[in-house]
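Here the sequence shown stands for residues 54 to 302, where the numbers follow UniProt numbering.
Don't be surprised by glycine CBs; every beta carbon is placed ideally from N, CA and C.
Remember, it's a predicted structure, so these values are computed and weren't measured experimentally.
Presented below is the structure to which this report refers.
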Amino acid sequence: IMGRKFVVGGNWKMNGDKNQINEIVNNLKKGPLDENVEVIIGVPAVYLAYVKSIVPDSIAVAAQNCWKVPKGAFTGEISPAMLKDVGINWVILGHSERRSIFGEKDELVAEKVAHALESGLKVIACIGETLEEREAGKTEEVVFRQTKALLPAIGDKWANVVLAYEPVWAIGTGKTASPQQAQEVHSSLRNWLSTNASPDVANAVRIQYGGSVTAANCKELAACSDIDGFLVGGASLKPEFVDIINATN
Ligand code: PEP
């Protein structure tokens, strides 16, 4: 992991009500959480301010999406400026569900990333291939293409970016990438960044793995040298999220 602080995100997706949120937050407060791990929970927009008001400052809160300009006639959308205004400092962008269900293309994701970073938000930027793409031998091509689109958007703000490698076939399927499969992509992505961004960026940027991470498989994945954390969907709603946060212990 070479000095990169382990970072674990929870993506609640469109789940949770106040009762369940209170349970999840109480469980996180009880922990105990490894103090050397950065924790970020991705919360449905309507609950962001509520969650921010009940979590300890040591746990960051992220939106799961945002729009690409500060304000205006964009019915239903939320801007980075609004997130900042209610104390939210992180946003998850380019999640595979945004890409596949809501049709977000590389270019739009890049515009959102650029504006979020310009607005002072930190970004978890998600990339990853589908099963079809993997079986066609296109995993690297897809992951590099998605990351390439982000380069001009990120510019010199890499310190505020976490990349999440999430193979689509592993998200919500119970089918985790093996540690070898994940490490292989993380390592080649880091090499690609060394050439196409800079060696410093490649060394410093944290690359999370996401896709059916559980308490049972997290330690093996966390032991891989290029896996610097996780983005966790389903299991982030459960008590085992604490064990995933503590995966490097
Ligand atoms: C995700 O939503 O980013 C994710 C990885 O989901 P899950 O852990 O449920 O596969």
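- Message: Is residue 306 close to the ligand PEP? I mean its beta-carbon at under 7 Å from any heavy atom of the ligand.
- Response: Residue 306 is absent from the model: the chain starts at 54 and stops at 302.
- Residue range of the alpha helix (DSSP H) that includes residue 298: Segment 294–298, the alpha helix (DSSP H) holding residue 298.
- Query: So is the beta-carbon of residue 181 under 7 Å away from any non-hydrogen atom of the ligand PEP?
  - Reply: The answer is no for residue 181.
- My guess is that residue 295 and residue 263 are in contact by the Cβ rule of under 8 Å, so how many angstroms apart are they, rounded? Going by Cβ atoms, the distance from residue 295 to residue 263 rounds to 18 Å, so no, they are not a contact pair.
- Could you tell me whether any non-hydrogen atom of the ligand PEP is closer than 7 Å to the CB of residue 265? Because some heavy atom of the ligand PEP lies under 7 Å away, the Cβ of residue 265 counts as near it: yes.
- Spell out the partners DSSP gives residue 179 in its beta bridges. Assignment of beta-bridge partners to residue 179 by DSSP yields 217.
- Given residue 249 as reference, the closest of 225, 200, 68 once Cα atoms are compared: Of 225, 200, 68, the residue nearest in Cα terms is 200.
- residue 277 and residue 230 closer than 8 Å at C-beta: Remark: C-beta atoms of residue 277 and residue 230 do not approach each other more closely than 8 Å.
- Task: Check the C-beta distance from residue 142 over to residue 174 and give it rounded, since I have them as a contact under 8 Å.
- Result: The C-beta distance from residue 142 to residue 174 rounds to 6 Å, short enough to fall under 8 Å.
- Query: Do residue 23 and residue 290 have their C-beta atoms closer together than 8 Å?
  - Reply: Absent from the model: residue 23. The displayed extent of the chain is 54 to 302, so no value can be given.
- Delimiting residues of the alpha helix (DSSP H) encompassing residue 152: Start and end: 149–154.
- Message: Does the distance between the C-beta of residue 285 and the nearest non-hydrogen atom of the ligand PEP fall short of 7 Å?
- Response: Indeed, a heavy atom of the ligand PEP lies less than 7 Å from the Cβ.
- Item | Minimum C-alpha distance to residue 58 - residue among 280, 224, 79, 297 | Nearest to residue 58 by C-alpha distance, out of 280, 224, 79, 297, is 280.
- Check: residue 66 C-beta below 7 Å from any heavy atom of the ligand PEP: Because some heavy atom of the ligand PEP lies under 7 Å away, the Cβ of residue 66 counts as near it: yes.
- Is residue 198 helix, strand or coil by DSSP? Residue 198 falls in the helix class under three-state DSSP.
- Query: If residue 172 and residue 137 are in contact, beta carbons under 8 Å, what's the gap, nearest whole angstrom?
  - Reply: About 6 Å; that satisfies the 8 Å criterion.
- Residue from 266, 252, 219 with nearest C-alpha to residue 239: Taking only the C-alpha atoms, the option nearest residue 239 is 219.
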